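Everything below concerns the one structure shown next.
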Amino acid sequence: MATLQPPPLTRRPRARTVLLTALAWALAALFVLPYVEMLITGARPAGQLRDNAYLPTQFDFSSFTEVWSETTLGQNLQTTLLVAGGSTLLVLLVALPAAYYTARVRFRGRKAFLLLVLVTQMFQPTALQVGLYREFFALDLLDTPIVLVLANAAFNLAFAIWILSAYIGSIPMELEEAAMIDGNGRLGALFRVTLPLALPGVVTAVIFTFISAWNEFIMGLTLTNSPDRQPLTVGINNMIGAYSVQWNYVFAASLVAIVPVVVLFAVIERHVVSGLTAGSVK
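Counting in my numbering, the sequence shown runs from -15 upward without gaps.
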């Protein structure tokens, strides 16, 4: 004769878990709210920009199409993509060898070199604008994308070396030695063993360099003059005139500017987290 089994007990969520979940959703909504406001203002008709109502009587998304033809947004976006991608590539080409050498070779002055790298990260671009302007003026590089690539790469190089050095240092040297015993040289062990294992650290350096170059404003404003050659941040600032501001264009362009970075960060976010914790646990 079959016996009746009692129904399984369902564990109710604790009050603390519910409270933390609600708090997390509230914080998420707080961070998303400015972007919602940007979307609403960008879709607000020009005649209702000064209305006190939070929502317009009707939505007009023509600002998101007109901003491409009425402003230099397209050229600014192209310049920003070129500058962010070029500076990120240049940082990787310089930072990877420097980080690998400092992580694997215990040379004299190693700690002083790493300290010097960390100190250069403390310099503010604003304090160096006059010197940078005079230097690039002498090299006849002003008002070109190359000047922004070099400047952004210089200011992000220290952080990339520090992150990559810590991550490569956490990878056991025995793995490279085993690869060299199997017939690989130093470069072969680096590209076949170390770099694949250091991918989270590389991705962390890439995303932070790319975002820093993407959001940079001061150097773009100082080192470029032509509106169609300026980066996206300066192009959006140019929409704010002395006597009038086209707020619907400003907010529409701002949304266009943040979408690529948000998508990029969402795709590789897990690599960024693991890269930031590199070297914290031995």
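Glycine included, every Cβ here is placed at the ideal spot set by N, Cα and C.
These figures come from a predicted structure and were not determined experimentally.
Reference residue i, options the options, closest by Cα
i    : options                   : result
F48  : G204, I24 and T64         : I24
T188 : M106, M223, L174 and L148 : L148
A79  : L216, V240, S228 and G185 : G185
P215 : A122, L3, T63 and I165    : T63
V240 : Y19, F43 and F192         : Y19
L181 : I155, N199 and F201       : I155
S238 : N60, F97, G31 and L102    : N60
P81  : G204, T55 and W146        : W146
G219 : T104, M106 and E54        : E54
L331 : M203, W198 and L3         : Because the chain is modelled from -15 through 266, residue 331 falls outside the range shown and cannot be assessed.
T110 : F201, A6 and V243         : F201
F121 : M22, T41 and T208         : T208
D212 : L183, T56 and L248        : T56
N140 : V101, T1 and A37          : V101
Straight-line gap, residue i to residue j (C-alpha atoms, nearest Å)
i     : j    : result
A150  : T178 : 13 Å
S160  : A173 : The sequence as given places Glu at residue 160; Ser does not occur at that position. Rounded to whole angstroms, E160 to A173 spans 5 Å at the Cα level.
F107  : A8   : 35 Å
V131  : F97  : 26 Å
I242  : E158 : 43 Å
S264  : G58  : Unreliable placement is indicated for S264, whose pLDDT of 45 sits below 50; the coordinate value is still reported in the next sentence. About 43 Å.
R176  : F249 : 26 Å
F43   : M22  : 13 Å
R(-2) : V16  : 27 Å
G225  : E119 : 31 Å
L77   : L3   : 47 Å
T267  : T1   : As displayed, the chain neither begins before -15 nor continues past 266, which places residue 267 out of reach and without an answer.
L39   : A12  : 21 Å
G115  : A135 : 12 Å
L99   : R90  : 15 Å
Same chain, Cβ closer than 7 Å to residue i, five either side skipped, listed in chain order
i    : result
I195 : V245
S210 : D127
T206 : Q113 and Y117
Q230 : M223
V251 : none
A83  : I145, L148, S149 and I152
V133 : V67, G70, S71 and L74
Beta-carbon gap between residue i and residue j smaller than 8 Å
i    : j    : result
V75  : A163 : no
R94  : T86  : yes
N232 : L33  : yes
A30  : F45  : no
G204 : T217 : yes
Own chain residues within Cβ distance below 6 Å of residue i, not counting five before or after
i    : result
V190 : T72
A236 : G26, S47, F48 and V51
T104 : A142
Contact set for residue i: own chain, Cβ-Cβ below 8 Å, skip 5 residues either direction
i    : result
E50  : Y233
K266 : Legend: pLDDT at K266 = 43, less than 50; position of this residue unreliable, value from coordinates given subsequently. Answer for K266: S154, listed in chain order.
Inset, instruction - Please determine if the region 120 to 138 and the region 153 to 168 are in contact, where contact requires at least 3 C-beta pairs separated by less than 8 Å. - result: The region 120 to 138 makes no contact with the region 153 to 168, as fewer than three CB pairs between them are under 8 Å.
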